[in-house]
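So, in structure tokens, the structure goes:
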């Protein structure tokens, strides 16, 4: 039984919509109607009418804000005036205004909203969400929200959702803004739009919609993937791996001069090029950094000295150096690549498997929240210090729940607390750099990083540019760093004064 890749969701953001053209490939459309307590979509009413006239299945959604859930539900119903064969949906996610994060709807308000919808209409609405929903629910079952059918947003190769609350997924938004598997476009709607898969047959889709979401599809064991056009297949053969290695290497700035760690489906691999033989290039791929400890399969002696013998650089050239102690292999890898060696993305979210962005990308960033958390780390009792491979779990309190953190662990938590990215922003400075590059954040020069303006930037130091083999990452704001560095821990310094800053790659996170 195949899923139905025949649904789109739209808002006033889309212009020049032709539903008759879209209906050639799209069966259902879900249109934004309202937001919060007062905001209405200008074109909702006319588009609802036009979509019906084109023979399409029609639904609507309300974007939740942090205000009375029942009052929001009443406002939504008064605007959408739903027929019995129209889907109703609550959009539960984080949001921002002019790049400044706004308070999102709470779980309690969401429960009030869906309960009120049920009281008035006799049916439970759908609940749309992504990383914010997953973080709020965790592994606990929500006895109220479980009555709703689930519509999950995840732009990756496979959807993951809170199965304790929803054993069955009804709909999957697999792409948006040009990110995720193709197809991204629909004639008559536009390019890089939100497309959705219904997990059921064509007949089940019709019955589900006709009942207003009451008649759910039969649970499915697997989901058929839409076609990926990037790194969809595991790299099996040496020829495929070699080709992928060359493709990746060509995208890395200055790649030919360094032993560059790169991310592949089967983990971090290191690329080493030998150009000493005239008219030839020898490429070697290994799971360990060149020059580090490698034990032979028979258990013999290492090929070279252990990492503890690597001299730790001084603070001017190695921000993660800790006097008197070098990092172990596991600690170094955790700092560079995250605890799982692949960025510690949420389950099912292979965040580096996104197409390279075609245009500059930016996010909303609440820098006040970031500095407040950094200050909490610096003034906690005991003070948080630097620790190789040490991380912060969501919600932990400085000094109480954790006493040490490495550079990538702190930056991940600052991003998690100050943006809507949540845990989709990875761990490990190398993986973070790859993610930022692929997302399309604007790369800038060193002078831009010293600017005294209101743009939040992020800067990366390659592991290949420091003697310890540990890369560094820090946030930048008005020439000040937000970072955790060796010998101190969470700290803020003048970035342009740092000896290694001119070696760093800098990107603008905000516009």
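Numbering (my numbering), first residue to last: 27 to 537.
Ideal placement from N, C-alpha and C gives every residue a C-beta, glycine not left out.
Check	Outcome
Assuming residue 528 and residue 472 make a contact with CB atoms under 8 Å, what is their CB distance in whole Å?	5 Å
Helix, strand or coil for residue 107 per DSSP?	coil
In the DSSP assignment, what residue or residues form a beta bridge with residue 121?	128
For the alpha helix (DSSP H) containing residue 181, list its first residue and its last residue.	Run containing residue 181: none; DSSP gives neither H nor E here.
Which of helix, strand or coil does DSSP assign to residue 451?	coil
Thinking C-beta only, is residue 370 closer than 9 Å to residue 489?	no
Near residue 139, what residues of its chain come up, given a Cβ to Cβ distance below 6 Å and the 5 sequence neighbours on each side ignored?	95, 98, 99, 116
Report buried or exposed for residue 63, applying the criterion of at least 16 other Cβ atoms within 10 angstroms of its Cβ.	exposed
Decide if residue 286 is buried, meaning its Cβ has at least 16 other Cβ atoms within 10 Å, or exposed.	Caution applies to residue 286, whose pLDDT of 43 falls short of 50 and renders its modelled position unreliable; the model cannot decide the point.
If you draw a straight line from the alpha carbon of residue 67 to that of residue 497, how long is it in whole angstroms?	47 Å
Kindly provide the ranges of any alpha helix (DSSP H) runs that are 4 or more residues long and lie completely inside the stretch 38-70, ordered along the chain.	45-48
Which residue from 351, 410, 397, 436 puts its Cα closest to that of residue 364?	436
Per the contact definition of three or more C-beta pairs closer than 8 Å, is the stretch 100-111 in contact with the stretch 139-149?	yes
Report the partner residues of residue 88 according to the DSSP bridge assignment.	60, 116
Answer with buried or exposed for residue 346, where buried requires no fewer than 16 other C-beta atoms within 10 angstroms of its C-beta.	buried
Using three-state DSSP, classify residue 139 as helix, strand or coil.	helix
Measuring straight from C-alpha to C-alpha, what distance separates residue 362 and residue 419?	17 Å
According to DSSP, is residue 222 helix, strand or coil?	strand
With distances taken between CB atoms, is the gap from residue 163 to residue 195 smaller than 9 Å?	no
Between the alpha carbons of residue 507 and residue 455, how many angstroms are there, rounded?	15 Å
For the structure I just gave you, are there three or more beta carbon pairs, one from the stretch 235-244 and one from the stretch 106-126, closer than 8 Å?	yes
Have a look at residue 216 and residue 88 and give me their C-alpha separation to the nearest angstrom.	22 Å
Given a cut-off of 9 Å, decide if residue 175 and residue 153 are closer than it, judged by their beta-carbon atoms.	yes
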